[in-house]
Amino acid sequence: MFRKRKRKSTGVGDRMKNSTGKAQNTPITIEVLRERVDNMEDAEIIEHQTHNNSTIIMVYIRTLIDIARLNESVIQPLRSCRNKNLSECISASKITEILMVEEAEKQLMRGAILIFDTDENQCCSVNLKDSLGRGIETSETETILYGAKDSFTENLEQNITLIRRRLPITALKTEKFTVGSLTETNVVIMYIEGLTNPKFITIAREKIQNINYDQILDSSQLAAFMEDHKHSVFPQFQQTDRPDVCVYSLGVGKLTILVDNTPFALNAPINFFHLFQSPEDYINRWIVASFLRIIRYISFTLSLLMIPLYVALTTHHYQMIPLQILFVLVETRSQLPLSPFWESLIMLVTLEVIKEASLRMPTKSGQTLGVIGGIVVGQAAVEAGFASQILIVLVGISAIASFLVPNYLMSKANTLIQFIILILASFLGVIGIFMGIILLTVHLNALTSLKQPYFAPVAPFYGKDWLDLFIRGPLHWMKTRSESLHPLQKWRYSRRR
Amino acid sequence: MKYKHSKILFVIFVNLIVISGCSPIVENNQIEDIAPVTFWSIQKGEDENFRMSTLIPPLVKEKKRLLTVQVDLLKEGMQGFNLKYYRELKVGQLRMLLISEEIAKEGISPLIDTILTDPDITKRLYLAIVKGDFDEYINSQLVMQEDLDYYLYQMFKHYDTQGKLTVINLHQFMRTLHSPAHSPVVPVFEASNENFQYQGTGIFKNDKLIETTNNMEEQIYQLIDNDHFLKYFPIPDLSFVLGHVKSNVQLNMDKAYSELNLNVQLNGRLDEIAREHKLLTREELSRFESEIELYLEEQTTKFLKKLQENKVDPLQLRKYTLRPFSKPLNEKEWSNRWERMEVKVDYDVKIQPLTDIKN
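Chains U and E supply the protein sequences, listed in that same order.
When you read off a place in the first sequence, starting at 1, and then add 18, the result is the number in our numbering.
When you read off a place in the second sequence, starting at 1, and then add 54, the result is the number in our numbering.
This is how it looks when you write it as structure tokens:
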């Protein structure tokens, strides 16, 4: 009765295709092309007489091409050229002959110029794409003290270059796809042939090919379509704008997906523990790196459980609070109108509002907002009798601890889980917290990333991978690649020692 | 399939709640609504009943006062406290139980059993026997020291880890009480108008206090059984003080359980000495060491004799009768043998002198 019907039309792009008859292959003529670029102010059609008295018509989109290069490479050579063959007159590295109007349209929209020779009834395209974009800058989302500073930009080609420079091997393969019926976004899968498990590549390929959506503007949107578990709060793809992270991921047997017009690449398959790893882990000395990694796990636990534990103890288990702290707590809490749960909830929501607002503000205003939010609101909340001083301290520690997780998406997930555990703690106390932890563990065990278990190498257990899990073992001990990623080449050394 | 999963999850959730003991009648434990008390003092009442006291409130800023009720049963006292105070008194943070000497001499089992069966009360509750009127002491000190209850608890906690005084909690007391032929010990304090002073170790026979160690006995007990360490060991009879005394005790019992050899090796430094002693040469020092050994042997023998006469065994000597593949002595058998056992004490004192000495 409620059976889903397969939609015939998949989106605006398809409807447009039908209305303009784009789906059929039409031989190219200048009339058809004029019709296609009708009502486009930036589309220019210029007629030009050559020395041989033949008429050449140039069609291009002004906003997409490099005008200087147009003059240099096409107009100037055509003026002085006496050769009959058009392609020999133009000084461009690649000239493509165009036969169909659909192909012409595609080239035109990608920054090419179409040149019609009316006498010969020939059409060719010359790529004069304007390389508009920013330069390579330092990563702002994953800052590190030591190590490479460059980060990806919105330019896909440039991003591939950044990876290729670090991995100058022919085994590094790239596969290009186009997704989004409107945006026609270029997506590139990168992997090392003979190292990355082909199963991952097949799954990723299938998932990208199955995307049926009009706009793919960012890699996170692509990830949303590719994820195995779409309703989970945990990211199943590692998003990064650092080429060194991508190169490391490729080197251990993962694949990297680059999306045009976004500086964030996707690495997969990942597990829960990858989200706690920072590129600096592999730069620092192993003992320091291990210590920092352990601190990160502790911070994650603290940020998750500290406030719920406060609520559980002050609501249900006063017996567990150390005596001296209990006296202070009773003292401060006796003057507050709100119960520990509501007090914590209000402070956490306020903190989230401040965090979100300071992110959206310009940098300098954001700093001011942080100070106002952190100090003024916190202090005022205590003085006005909304929150206890101990809670403010705990909220502060919890907020700082949540920033230690290198992955931003993970720290957001962390906040949501904290709220759920907080509710459980207020109803069931410590038992509620443990129920929350059990549910969280069950959920993490159920997740997969590119069909690979998300909680590996803990469950399923891969003993050797523990050397780079909670600690970052010495590099000379990590002789094999991660078993949980099932790489085709197990050994990291070219010669076995 | 989806419904089946939902059902399974629902059953798990309900079971978790039921198994964890969560009941629909929620006991309010919000800390702002309750008054957790830290000690109970139980003294003899006017008639056959008890006089229970506790200090309220737990708030630091509020003026504290001593709440006292006359009751026949402990839990009745708890109810009585609640009727007298606007916050509900909770015993989840009860850390000390101070029992008067009179009650201790009559037996404390009924009191201990009541406390032991209360799931809210911790087994780490410190026990102490108080000579004199504790209420009077608290009332006199409240003006000067508002957080007196907390400081008392800190004292117990400190000596629990540091040694030097006998500190016992409910769990340890019950363990020794129910071990065959093993006498429990509890610290004894004396409360007067302005002082709350440690007196010694109270030795129990079953659940009744029968003896309290005097100063010398207490120090010997600390050295040979409790912590094997004393920071200061003053011996007024010989006019000197040993410092940082560590003891190494070896106990041997013959196969017939008729003789007990107690060898104690004492290492310490001479902290203070009266003017009359001259310890300038090695010979003088060794003579002095022999004098101490003799004195301590005499005192220890006296202490052990006293224990034998009272038929108590706070030193847990019965455990030296346990042999593999043989039946342990029962309480009565051990008691008879212990009473008649010959005790030989041997001290080996090694003293680090105050200054350099001549050879």
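Yeah, the Cβ is synthetic: ideal placement off N, Cα and C, and Gly gets one too.
Bear in mind that the values here come from a model prediction, so they are computed numbers and not experimental data.
Is the beta carbon of residue i less than 8 Å from the beta carbon of residue j?
{"i": "residue 175 of chain E", "j": "residue 148 of chain E", "result": "yes"}
{"i": "residue 362 of chain U", "j": "residue 440 of chain U", "result": "yes"}
{"i": "residue 210 of chain E", "j": "residue 307 of chain E", "result": "no"}
{"i": "residue 154 of chain E", "j": "residue 197 of chain E", "result": "no"}
{"i": "residue 405 of chain E", "j": "residue 343 of chain E", "result": "yes"}
{"i": "residue 143 of chain U", "j": "residue 114 of chain U", "result": "yes"}
{"i": "residue 191 of chain E", "j": "residue 158 of chain E", "result": "no"}
{"i": "residue 240 of chain E", "j": "residue 181 of chain E", "result": "yes"}
{"i": "residue 136 of chain E", "j": "residue 336 of chain U", "result": "no"}
{"i": "residue 127 of chain U", "j": "residue 44 of chain U", "result": "no"}
{"i": "residue 257 of chain U", "j": "residue 242 of chain U", "result": "no"}
{"i": "residue 276 of chain U", "j": "residue 178 of chain U", "result": "yes"}
{"i": "residue 279 of chain U", "j": "residue 203 of chain U", "result": "yes"}
{"i": "residue 489 of chain U", "j": "residue 317 of chain U", "result": "no"}
{"i": "residue 131 of chain U", "j": "residue 88 of chain U", "result": "yes"}
{"i": "residue 483 of chain U", "j": "residue 471 of chain U", "result": "no"}
{"i": "residue 372 of chain U", "j": "residue 384 of chain U", "result": "no"}
{"i": "residue 109 of chain U", "j": "residue 95 of chain U", "result": "yes"}
{"i": "residue 347 of chain E", "j": "residue 403 of chain E", "result": "yes"}
{"i": "residue 160 of chain U", "j": "residue 297 of chain U", "result": "yes"}
{"i": "residue 203 of chain E", "j": "residue 355 of chain E", "result": "no"}
{"i": "residue 409 of chain U", "j": "residue 315 of chain U", "result": "no"}
{"i": "residue 165 of chain U", "j": "residue 148 of chain U", "result": "no"}
{"i": "residue 313 of chain U", "j": "residue 416 of chain U", "result": "no"}
{"i": "residue 226 of chain U", "j": "residue 244 of chain U", "result": "yes"}
For a contact meaning CB atoms closer than 8 Å, what does residue i contact in chain E?
{"i": "residue 250 of chain U", "result": "Simply none; closest approach about 16 Å."}
Give the residues of chain U in contact with residue i, contact being defined as C-beta atoms less than 7 Å apart.
{"i": "residue 115 of chain E", "result": "349"}
{"i": "residue 416 of chain E", "result": "No statement about residue 416 of chain E is possible, as the shown extent of chain E runs from 55 to 413 and does not include it."}
{"i": "residue 88 of chain E", "result": "336"}
{"i": "residue 241 of chain E", "result": "Neighbours of residue 241 of chain E on chain U: none; closest Cβ ~20 Å, over 7 Å."}
What does residue i touch in chain E if you count any residue whose Cβ is under 9 Å from its own?
{"i": "residue 247 of chain U", "result": "Neighbours of residue 247 of chain U on chain E: none; closest Cβ ~14 Å, over 9 Å."}
{"i": "residue 465 of chain U", "result": "Per Cβ cutoff of 9 Å: no residues; residue 465 of chain U is ~16 Å from chain E at best."}
Strictly below 9 Å CB to CB, what residues from chain U border residue i?
{"i": "residue 85 of chain E", "result": "331, 332, 333, 336, 339, 344, 347, 348, 351, 352, 358"}
{"i": "residue 108 of chain E", "result": "Result: empty, since nearest Cβ-Cβ is about 15 Å, beyond 9 Å."}
{"i": "residue 92 of chain E", "result": "341"}
{"i": "residue 173 of chain E", "result": "Chain U residues near residue 173 of chain E: none, gap ~10 Å exceeds 9 Å."}
{"i": "residue 238 of chain E", "result": "By Cβ distance, chain U contributes nothing, its closest Cβ being about 26 Å from residue 238 of chain E, past 9 Å."}
Quickly, what does DSSP pair residue i with across the bridge? List them, please.
{"i": "residue 254 of chain E", "result": "E/242"}
{"i": "residue 327 of chain E", "result": "E/294"}
{"i": "residue 273 of chain U", "result": "U/286"}
{"i": "residue 97 of chain E", "result": "E/105"}
{"i": "residue 471 of chain U", "result": "U/466"}
{"i": "residue 208 of chain U", "result": "U/192, U/274"}
{"i": "residue 223 of chain E", "result": "E/180"}
{"i": "residue 66 of chain U", "result": "U/74"}
{"i": "residue 340 of chain E", "result": "Answer is none; residue 340 of chain E lacks a bridge partner."}
{"i": "residue 88 of chain E", "result": "E/142"}
Since residue i meets chain U, which of its residues come closer than 8 Å, beta carbon to beta carbon?
{"i": "residue 166 of chain E", "result": "Neighbours of residue 166 of chain E on chain U: none; closest Cβ ~20 Å, over 8 Å."}
So if I threshold CB-CB distances at 8 Å, which residues from the stretch 131-154 of chain E count as touching chain U? 144, 146, 147, 149
Got a sec: which bits of the stretch 306-323 of chain U sit with their beta carbon under 8 Å from any beta carbon on chain E, in order along the chain? none
Quick check for students: name the residue ranges of the alpha helix (DSSP H) that lie wholly in the stretch 119-206 of chain U, counting only runs of 4 or more. 119-127, 174-184
Please list the segments of the beta strand (DSSP E) lying wholly inside the stretch 213-265 of chain U, counting only runs of 3 or more residues, in order along the chain. 256-258
What residue ranges within the stretch 70-94 of chain U form continuous beta strand (DSSP E) runs of no fewer than 3 residues, ordered along the chain? 73-79
For the stretch 190-204 of chain E, enumerate the residues whose C-beta is nearer than 9 Å to any C-beta of chain U, in chain order. 201, 204
Can you give, in chain order, each stretch of the alpha helix (DSSP H) that sits fully within the stretch 378-449 of chain U and has at least 4 residues? 381-389, 396-401, 407-420, 426-446
Please specify which runs of the beta strand (DSSP E), each continuous and at least 3 residues long, are wholly inside the stretch 111-139 of chain E, giving them in chain order. 119-125
Write down every uninterrupted run of the alpha helix (DSSP H) in the stretch 258-323 of chain E whose length is 4 residues or greater and which is fully enclosed by it, in chain order. 269-275
Quick one: which unbroken alpha helix (DSSP H) runs of 4-plus residues sit fully inside the stretch 349-383 of chain U? Chain order, please. 358-378
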